[in-house]
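Novice: This is the structure I want to talk about, given as structure tokens.
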Amino acid sequence: MKKKYTKKELKEFRKIVQKRKEEILDDLKHIADDTLRKSQKEASGDISGYTYHMADVATDNYDREFSLGLASDERKSLYELDDAIKRIEEGTFGICDDCKNTITKIRLKAVPSARLCIKCQQKREKR
């Protein structure tokens, strides 16, 4: 199974990758709007002048850290999708990095940034 994908197929994969990138960018925008741009008072909906209870501050801090972690994961996904576009342009998209066989269409549609076929991915995960 060492065939490369046709230009038409690669064009379709490029659309899938671009769509996924747009979704992630939209998610990042929401995370930024909800978490990073609001003060703790705005985020909690409290507009009074009273001080916070320590538990409320801890909850707010946890929520911010959680959102920053999500944003970090999303940025990693963006990098992987950019790399997939680069591989599409180079003609190496859909070729397993380890065994050099073709990665199935089903896998690439589910994980467009995949660099390994399922067998090689499973081998790596067992290590």
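Be aware that the sequence shown starts at 1, since it is given in our numbering, and climbs by one per residue. We put the beta carbon where it would ideally sit given N, CA and C, even for glycine. What you are looking at is a predicted structure, and each value in this text was computed from that prediction instead of being measured.
1. So is the beta-carbon of Glu9 under 7 Å away from any non-hydrogen atom of the ligand ADP?
2. Lys68: buried (16+ other C-beta within 10 angstroms of its C-beta) or exposed?
3. From Leu25 to Tyr62, what distance separates their C-alpha atoms?
4. Checking 8 Å against the spacing of the C-beta atoms, do Ala71 and Ser113 come in under that value?
5. Is Ile95 helix, strand or coil when you go by DSSP?
6. Nearest by alpha-carbon distance to Lys129: which of Gln121, Arg87, Cys117 is it?
7. What first and last residue would you give for the alpha helix (DSSP H) that runs through Ile118?
8. Phe66: buried (16+ other C-beta within 10 angstroms of its C-beta) or exposed?
9. In the DSSP assignment, what are the bridge partners of Thr102?
10. Pull up the distance between the alpha-carbon of Lys119 and that of Lys11, whole angstroms please.
11. Suppose contacts are defined by Cβ-Cβ distances below 8 Å. Is Val17 in contact with Leu116 by that definition?
Specialist: Checking against the coordinates, here is how it stands:
1. Although the ligand ADP was asked about, the structure shown includes no ligands whatsoever.
2. Within the sequence shown, the letter at position 68 stands for residue 68. The sequence shown places Leu at residue 68, rather than the Lys named in the question. Flag for Leu68 reads exposed.
3. Working through the sequence shown from its first residue, we reach residue 25 at position 25. Working through the sequence shown from its first residue, we reach residue 62 at position 62. Distance between the alpha carbons of Leu25 and Tyr62: 23 Å.
4. Reading the sequence shown from its first residue, position 71 is the one you call residue 71. Reading the sequence shown from its first residue, position 113 is the one you call residue 113. No.
5. As a working mapping, residue 95 is identified with position 95 in the sequence shown. Of the three classes helix, strand and coil, the one that applies to Ile95 here is strand, per DSSP.
6. Coverage of the chain is limited to positions 1 through 127, which leaves residue 129 absent and any answer about it impossible.
7. Here residue 118 refers to the residue found at position 118 of the sequence shown. Here the alpha helix (DSSP H) through Ile118 covers 118-126.
8. Translated into positions along the sequence shown, residue 66 becomes position 66. Exposed, by the Cβ-count rule.
9. Looking up residue 102 in the sequence shown gives position 102. Bridge partners of Thr102: Ile95.
10. Along the sequence shown, one-based indexing puts residue 119 at 119. Along the sequence shown, one-based indexing puts residue 11 at 11. Each residue's alpha carbon lies about 26 Å from the other.
11. Numbered from 1 along the sequence shown, position 17 holds the residue referred to as residue 17. Numbered from 1 along the sequence shown, position 116 holds the residue referred to as residue 116. Taking 8 Å as the Cβ cut-off, Val17 and Leu116 do not qualify as a contacting pair.
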